[in-house]
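Structure first, commentary second.
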Amino acid sequence: MSRPDWISEGTGVLRRLSALSLSVLLPLTALAVATPAQARAPQRTPECQGDWLPATPSSGDVMDGKLSFLGLPAVSVGKNVNWRMDPYKNRSWQMVFHSLRWMGRLVADYESTGDKGYLGRAEEIAKDWVADNPYGGRTTSPYAWAEHPIALRAPALVCLSRYVKAGWLKNSLALHAKLLSDPKHYELGHNHGLDQDIGLLRIGCRYGNPTWKNLAVRRMVKSMKLDIDTQGALREQAPRYAVYVYDRLKVAIDTIKDCGMKVPADLATRWERLPRHISAATQPNGYMVPIGDGPADVQPAAFDHGKATVQVFDAGYVFGRTAWDDPKSAYYSIRFGPALKFHGHEDHMGVTYYAQGRSILTEAGFHSYENTPYRRWTMSPEAHNVPVIVGRKFRGHTPTALVGRSVRADRQAFTFTDKAYGVQRKRSVLVNHREDVMAVLDSGGGKLRNLWHLAPGLKVVSNSGGRIVVADGGWKASIVQLAMPSCRAVGGQRVVIGQTSPYQGWVSPGYMRKEPAPAIVSPVAGSLLTVVVPGTDRPEVTCSGRTLTVHTPAGSVRLRASSSGTLS
Numbered sequence: 009m010s011r012p013d014w015i016s017e018g019t020g021v022l023r024r025l026s027a028l029s030l031s032v033l034l035p036l037t038a039l040a041v042a043t044p045a046q047a048r049a050p051q052r053t054p055e056c057q058g059d060w061l062p063a064t065p066s067s068g069d070v071m072d073g074k075l076s077f078l079g080l081p082a083v084s085v086g087k088n089v090n091w092r093m094d095p096y097k098n099r100s101w102q103m104v105f106h107s108l109r110w111m112g113r114l115v116a117d118y119e120s121t122g123d124k125g126y127l128g129r130a131e132e133i134a135k136d137w138v139a140d141n142p143y144g145g146r147t148t149s150p151y152a153w154a155e156h157p158i159a160l161r162a163p164a165l166v167c168l169s170r171y172v173k174a175g176w177l178k179n180s181l182a183l184h185a186k187l188l189s190d191p192k193h194y195e196l197g198h199n200h201g202l203d204q205d206i207g208l209l210r211i212g213c214r215y216g217n218p219t220w221k222n223l224a225v226r227r228m229v230k231s232m233k234l235d236i237d238t239q240g241a242l243r244e245q246a247p248r249y250a251v252y253v254y255d256r257l258k259v260a261i262d263t264i265k266d267c268g269m270k271v272p273a274d275l276a277t278r279w280e281r282l283p284r285h286i287s288a289a290t291q292p293n294g295y296m297v298p299i300g301d302g303p304a305d306v307q308p309a310a311f312d313h314g315k316a317t318v319q320v321f322d323a324g325y326v327f328g329r330t331a332w333d334d335p336k337s338a339y340y341s342i343r344f345g346p347a348l349k350f351h352g353h354e355d356h357m358g359v360t361y362y363a364q365g366r367s368i369l370t371e372a373g374f375h376s377y378e379n380t381p382y383r384r385w386t387m388s389p390e391a392h393n394v395p396v397i398v399g400r401k402f403r404g405h406t407p408t409a410l411v412g413r414s415v416r417a418d419r420q421a422f423t424f425t426d427k428a429y430g431v432q433r434k435r436s437v438l439v440n441h442r443e444d445v446m447a448v449l450d451s452g453g454g455k456l457r458n459l460w461h462l463a464p465g466l467k468v469v470s471n472s473g474g475r476i477v478v479a480d481g482g483w484k485a486s487i488v489q490l491a492m493p494s495c496r497a498v499g500g501q502r503v504v505i506g507q508t509s510p511y512q513g514w515v516s517p518g519y520m521r522k523e524p525a526p527a528i529v530s531p532v533a534g535s536l537l538t539v540v541v542p543g544t545d546r547p548e549v550t551c552s553g554r555t556l557t558v559h560t561p562a563g564s565v566r567l568r569a570s571s572s573g574t575l576s
């Protein structure tokens, strides 16, 4: 499974490591190679082949001095590389640049082709990097020794060491191993920690160092048990990263085997369970739902899945669908659970909805890790389909509880509460299948409004009397809002598209991309019932007390809104 280079930026926090002289490293005699002598002819080695290699740039591009990362235009670096260059002012670009995985591509292709020009250029690049980026040096690039580039660079240098026996390379690998072993810089329970362990394990295996090998595997088990729960859900709050961790954990398991070590059962079990989370978070169109730092254009490989069409993960996700393997299936997601961490957004109580072959309710999504006003907006509640308590300050990093659920084959209902605004906030979500309907009831300890982000392919064609109609060609859907408990239609919805001050009405369809898309901002009310009816511009909603009947093209749906703020 291929993956883009950018996905590993993580929290974006750079760590400037304290100065560490080579005098504290293990003596170079400890780096005596435990493997056979260097081969006289190219051969494919475990260190130089595998899923760690980037898809771009190609060896031909590198030989031409042109580097393309993250889908951005290629940059000419020439023969003598300027390691402080930052052409796009992009931390992810710098991370990939200093990882030197693109140098490793040259060595891998040398093994495949026997072209000594590839190997020679790889040695030049690595030697130049080591010379120009001394650890703690005054002119060293600030990204050179950040924790993640260290982790990703180590396997590339190990690969090169199969063919280059120079002291400068051994010294650099010793320094990498020392830093990767340091607990002060280890990212426990995070995908970066996994990469750090893979790097340390590769160095330890290459030079027969049991201390490094055992530490890497021991930490890896502890870290992955924290990062992946017993249900197979990744705890980094962006399902897209489950794909990355799945791929990287496979690399880790293969590396453990390459080293002649036994794969710990806990690692194998966590790896085997991750596809359940990945599959659940994949919409009927094959793309992952854009939750947290996950762009909307991620299409994972298909995994086997169980029969359950509704899955609740304690890590903070509800995923439901009408059926598996049917692009016309209805699908929804709901966020709740632990406070924001790692790759999460402030999206608790946020819902998405896909029906009749189309995304209807989506998220603003992931744009980049750059600390810009737009990035900060995409992480805020206002970029998600959530209720907002008016006049109250939002309290970030607040957990949200799932307090009620009812799961039937044709209908599911879930209720959530938190105090993200200092008072109770409550949302009840009901999804009906066959006659496609999503109903959302919001209430709390004060007046509220809610926000609904529509997929960019939808156009608002009508907004009147509390009913908004959207269209995609001849297909239409309706969003109806009622004040509760009166069950009266409430008008005054604003449709915002492409606003920049403040940001509203945007969706990011991919990395470093954004496009205007309709966002519905509701009027203020004490309690709001929002009903989404796909496939019609004329849904009829009738009320009798607290019982509502929604008339859809496929038939009528009856639901009840209780006085306690729940739907059934």
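Mapping of the sequence shown onto the numbering used here: residues 9 to 576, in sequence order.
Beta carbons: idealized from backbone N, C-alpha and C, even for Gly.
Among the options, whose alpha-carbon lies nearest the alpha-carbon of residue i?
i           : options               : result
residue 209 : 320, 263 and 160      : 263
residue 52  : 570, 480 and 115      : 115
residue 389 : 378, 401, 379 and 380 : 401
residue 181 : 57, 487, 365 and 138  : 138
residue 524 : 498, 496, 462 and 482 : 462
residue 224 : 207, 336 and 216      : 207
residue 6   : 120, 573 and 253      : Only positions 9 to 576 of the chain appear in this structure, which leaves residue 6 out of reach.
residue 552 : 568, 540 and 528      : 568
residue 257 : 237, 123 and 232      : 232
residue 449 : 368, 465, 328 and 576 : 576
residue 277 : 102, 300, 236 and 302 : 236
residue 56  : 415, 127 and 413      : 127
residue 72  : 193, 81 and 87        : 87
residue 455 : 471, 158 and 535      : 535
residue 457 : 421, 502 and 70       : 502
residue 346 : 486, 334, 424 and 274 : 424
residue 531 : 197, 499 and 399      : 499
Can you list, in chain order, the residues of its chain with a C-beta nearer than 8 Å to that of residue i? Leave out the 5 residues immediately preceding and following it.
i           : result
residue 270 : 264
residue 469 : 477, 478, 479, 484 and 545
residue 161 : 106, 107, 108, 109, 184 and 207
residue 46  : Annotation note: pLDDT 35 at residue 46 (below 50); position unreliable, coordinate value reported separately. Once the five neighbours on either side are set aside, the close Cβ partners of residue 46 are 170, 171 and 173.
residue 259 : 58, 59, 60 and 206
CB-CB under 7 Å to residue i, same chain, minus the five flanking residues each way: which ones, in chain order?
i           : result
residue 404 : 348 and 354
residue 561 : 543 and 544
residue 327 : 288, 289, 319 and 341
residue 593 : There is no way to answer for residue 593, as the model of the chain reaches only from 9 to 576.
residue 467 : 478 and 479
Is the CB-CB distance between residue i and residue j below 7 Å?
i           : j           : result
residue 189 : residue 177 : no
residue 550 : residue 489 : no
residue 99  : residue 377 : yes
residue 211 : residue 241 : no
residue 397 : residue 435 : no
residue 447 : residue 438 : yes
residue 62  : residue 75  : no
residue 244 : residue 350 : yes
residue 254 : residue 282 : yes
residue 298 : residue 251 : no
residue 382 : residue 361 : no
residue 91  : residue 149 : yes
residue 113 : residue 84  : no
residue 352 : residue 300 : yes
Residues in the same chain with beta-carbon distance under 6 Å from residue i, minus the five sequence neighbours each way, listed in chain order, please.
i           : result
residue 131 : 172
residue 391 : 372 and 385
residue 440 : 419 and 565
residue 5   : Outside the shown range of the chain (9 to 576) lies residue 5, about which nothing can therefore be said.
residue 554 : 568 and 569
residue 239 : 321
residue 317 : 329
residue 306 : 248 and 296
residue 414 : 421
Would you list the one or two residues that DSSP bridges to residue i?
i           : result
residue 467 : 479
residue 395 : 458
residue 524 : 514
residue 491 : 496 and 536
residue 551 : 556
residue 414 : 421
residue 342 : 326 and 359
residue 578 : Past the edges of the chain, shown from 9 to 576, lies residue 578, and the structure says nothing about it.
residue 485 : 478 and 542
residue 566 : 557
Legend entry - Runs of alpha helix (DSSP H) wholly within the segment 261-330 (minimum 4 residues, chain order): You should have 273-288.
Inset, instruction - Give, in chain order, every unbroken run of the alpha helix (DSSP H) that is at least 4 residues long and sits entirely within the segment 106-179. - result: Taking 4 residues as the minimum length, the alpha helix (DSSP H) runs contained wholly in the segment 106-179 are 109-121, 124-140 and 155-169, in order along the chain.
Inset, instruction - Ignoring anything shorter than 3 residues or poking outside the segment 57-100, list the beta strand (DSSP E) runs there in chain order. - result: Fully enclosed beta strand (DSSP E) runs of 3 or longer: not present.
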